[in-house]
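S.K.: Numbering (our numbering), first residue to last: 1 to 367.
Cβ atoms here follow ideal geometry from the backbone N, Cα and C, with glycine treated the same way.
I'd like to ask you about the structure that follows.
The following block contains the structure:
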């Protein structure tokens, strides 16, 4: 049977609604259609992205009973407290080969070869050390002293020998620690006992449910996209696909969507909205970026090696980029580059961003 073909407009419209960009739930402190996004987590890279991503979805305050934890690929994500135990095992390597591959630092090859044992040793140390709020650097130093030395390496910038940064963050959820950002400093503190697993996982489990959640929000998605999200290989992640998926053909190749969401995908059209998205917004960090930003010149502007700009999204397309700084009188000064047909709409959107950047109001200028 031939694959169902879906258009770029179908995908854009579906994701805009699934990610809460259409504000179908309204605006306010906890309104908006955020259940899907929070079900997979909202990445907070760079710090402050979560607040801005919620703001553009019409949510002025971080939802209650949420925490920022190192989960997918060791990156900080905002999650519902109710999901933290499941995430601790779903983000854990499924076997020794998977564990070794995820430890990408070539300077700890011997330690990486020990697979899951390396993860368990490091997570056990972190859990025992983080019994109170501590600076991230202090935790790193103490964990480095506690783990076998083959998990440490000589770091020239730090002029010290310490644990691989990648492994250090990959164990955060299982170790049961929360990530706190205060200014430019990062702290770790233990999650309440009720929110973390009783024991360090011996192997990953529950991944299929999390993949289903991802596909409901960011679908249709390719196997490569699922692999990139989880930090696994496409071959490995394919073994954990949930049942009930439909294969479709998008403009950039084959992808999968839950069967229950297919009708909504096919009925979706180009989203009619104007938004000021932060550079790390979930809309932009999906893995099929050539579908979201197909123009090569725009692609280079949006996806930088360092410090992506914010994006002016108009009806699903990138109409421009923006940068912001906090000016005098706590005014958020937003500088927009690009030709915008309805600039007055950006003024309204900018006011939603202001509180997320600790500003009282916002001012938009055009470069």
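Once you ignore the five residues that flank residue 249 on each side, which residues in its own chain have a CB closer than 6 Å to its CB?
M.R.: Counting from one through the chain shown, the residue named residue 249 turns up at place 249. Closer than 6 Å at the Cβ level, and outside the excluded window around residue 249, lie 3 and 5.
S.K.: Are the stretch 154-171 and the stretch 34-41 touching, with three or more C-beta to C-beta distances below 8 Å?
M.R.: They do not touch, by the three-pair rule.
S.K.: For residue 154, is the classification buried or exposed, using 16 other Cβ atoms within 10 angstroms of its Cβ as the cut-off for buried?
M.R.: One-based indexing of the chain shown puts residue 154 at position 154. Exposed, since its Cβ has fewer than 16 Cβ neighbours within 10 Å.
S.K.: Check the C-beta distance from residue 352 over to residue 55 and give it rounded, since I have them as a contact under 8 Å.
M.R.: Taking the chain shown and counting its residues from 1, one reaches residue 352 at position 352. Taking the chain shown and counting its residues from 1, one reaches residue 55 at position 55. The pair is a contact, with the Cβ atoms about 5 Å apart (cut-off 8 Å).
S.K.: Work out the CA separation of residue 14 and residue 85 for me, nearest whole Å.
M.R.: If you number the chain shown from 1, residue 85 lands on position 85. If you number the chain shown from 1, residue 14 lands on position 14. Distance between the alpha carbons of residue 85 and residue 14: 29 Å.
S.K.: Whose CA, out of 320, 361 and 315, lies closest to the CA of residue 329?
M.R.: Along the chain shown, read from residue 1 onward, the residue named residue 329 stands at position 329. Of 320, 361 and 315, the residue nearest in Cα terms is 361.
S.K.: Report the residue from 216, 347 and 263 whose alpha carbon sits nearest the alpha carbon of residue 242.
M.R.: By 1-based counting over the chain shown, the position of residue 242 is 242. It is 216 whose Cα lies nearest to the Cα of residue 242.
S.K.: How many angstroms separate the CA atom of residue 363 from the CA atom of residue 336?
M.R.: Here residue 363 corresponds to residue number 363 of the chain shown, with the count starting at 1. Here residue 336 corresponds to residue number 336 of the chain shown, with the count starting at 1. Taking the straight line joining both Cα atoms gives about 11 Å.
S.K.: Does the stretch 198-208 come within contact of the stretch 250-259, defined as at least 3 CB pairs closer than 8 Å?
M.R.: No, the stretch 198-208 does not touch the stretch 250-259.
S.K.: Considering only the alpha carbon of each residue, which of 359, 343 and 355 lies closest to residue 327?
M.R.: Translated into positions along the chain shown, residue 327 becomes position 327. Closest option to residue 327, Cα to Cα, is 359.
S.K.: From the DSSP output, read off the bridge partner residues of residue 171.
M.R.: For the purposes of this step, residue 171 is identified with residue 171 of the chain shown, where counting begins at 1. BP columns for residue 171 are empty, so no partner.
S.K.: Residue ranges of each beta strand (DSSP E) run of no fewer than 3 residues wholly in the stretch 322-359, ordered along the chain?
M.R.: Correct list: 331-337.
S.K.: Apart from the five residues on each side of it in sequence, which residues of its chain come closer than 7 Å, Cβ to Cβ, to residue 113?
M.R.: If you number the chain shown from 1, residue 113 lands on position 113. The residues are 100.
S.K.: Using a Cβ-Cβ cutoff of less than 6 Å, which residues in the same chain neighbour residue 191 once the five nearest sequence positions on both sides are dropped?
M.R.: Sequence index remark: in the chain shown, residue 191 carries index 191 (1-based). Counting only Cβ-Cβ distances below 6 Å, and skipping sequence neighbours, we find 176 and 178.
S.K.: Mark residue 349 as exposed unless 16 or more other C-beta atoms lie within 10 angstroms of its C-beta, in which case mark it buried.
M.R.: In the chain shown, counting from the first residue as 1, residue 349 sits at position 349. Buried, since its Cβ has 16 or more Cβ neighbours within 10 Å.
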